[in-house]
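One structure is given here, and the rest of the page talks about it.
In the numbering used here, the protein residues as written are 1 to 174.
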């Protein structure tokens, strides 16, 4: 997958848009000042928006998408970043919002994820990987689908994109 990404997005080579980590836990934050993109958080006291658990210590790749492999000048919705291993590719959209904006932000995040996933599916071969999408809005914790509305939303999203939809701020790779 790394080689395919480098072929489709040659700007990866000259930048830090793609990083490989073997840490058991690492964190991602969406920087709100220039260059306004997602980064790996190396400061233990720093801001954390999304946490990746890697219990096996295998290679996990981080890909900056918004203002990374898809520049700010491209006129299309896109999610913030992705993390992936040899089995799973996870698209992530982070929204830091007030509690009153959660509903609107969820809808916007879902739209950004949908557009990005469909674009990536046109460019890359995902036949050997499970695709997941994470909506991380506010200080959220992972939760299972509880309501029929949640289940319908997830079913519809998977039908449209081929990706499983989750709400939460962490991914556990096994």
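Glycine is no exception: its CB is placed at the ideal position from the N, C-alpha and C atoms.
Open item on the list: DSSP has residue 64 in a bridge; who is on the other side?
Closed with: 81
Open item on the list: By the three-class DSSP mapping on this structure, what secondary structure does residue 15 have?
Closed with: coil
Open item on the list: Per the DSSP calculation, residue 134 is bridged to which residue(s)?
Closed with: 92 and 166
Open item on the list: Within a Cβ cutoff of 8 Å, which residues of the same chain sit near residue 78, ignoring the five residues on either side of it in sequence?
Closed with: 65, 66, 70, 112, 115, 116 and 119
TODO: Would you give the residue range spanned by the alpha helix (DSSP H) that residue 120 belongs to?
DONE: 102-123
Open item on the list: Starting from residue 52, trace the beta strand (DSSP E) in both directions and tell me its first and last residue.
Closed with: 50-54
Task: For residue 172, three-class secondary structure by DSSP - done: strand
TODO: Give a yes or no on whether the minimum CB-CB distance between residue 94 and chain B is below 8 Å.
DONE: The question asks about chain B, but that chain is absent: this structure has only one protein chain.
TODO: Within its chain, find whatever has a CB closer than 7 Å to the CB of residue 97; leave out the 5 residues flanking it on each side and keep chain order.
DONE: 105, 137 and 138
TODO: Could you check which residue in 72, 132, 109 and 165 has the C-alpha nearest to that of residue 35?
DONE: 72
Open item on the list: I'd like to know whether the C-beta atoms of residue 63 and residue 18 end up nearer to each other than 8 Å.
Closed with: yes
Open item on the list: Check whether the region 8-27 and the region 54-63 are in contact - that is, three or more C-beta pairs closer than 8 Å.
Closed with: yes
Open item on the list: Out of 154, 76 and 37, which one is the CA nearest neighbour of residue 95?
Closed with: 37
Open item on the list: Using the three-state DSSP reduction, which class does residue 157 fall into: helix, strand or coil?
Closed with: helix
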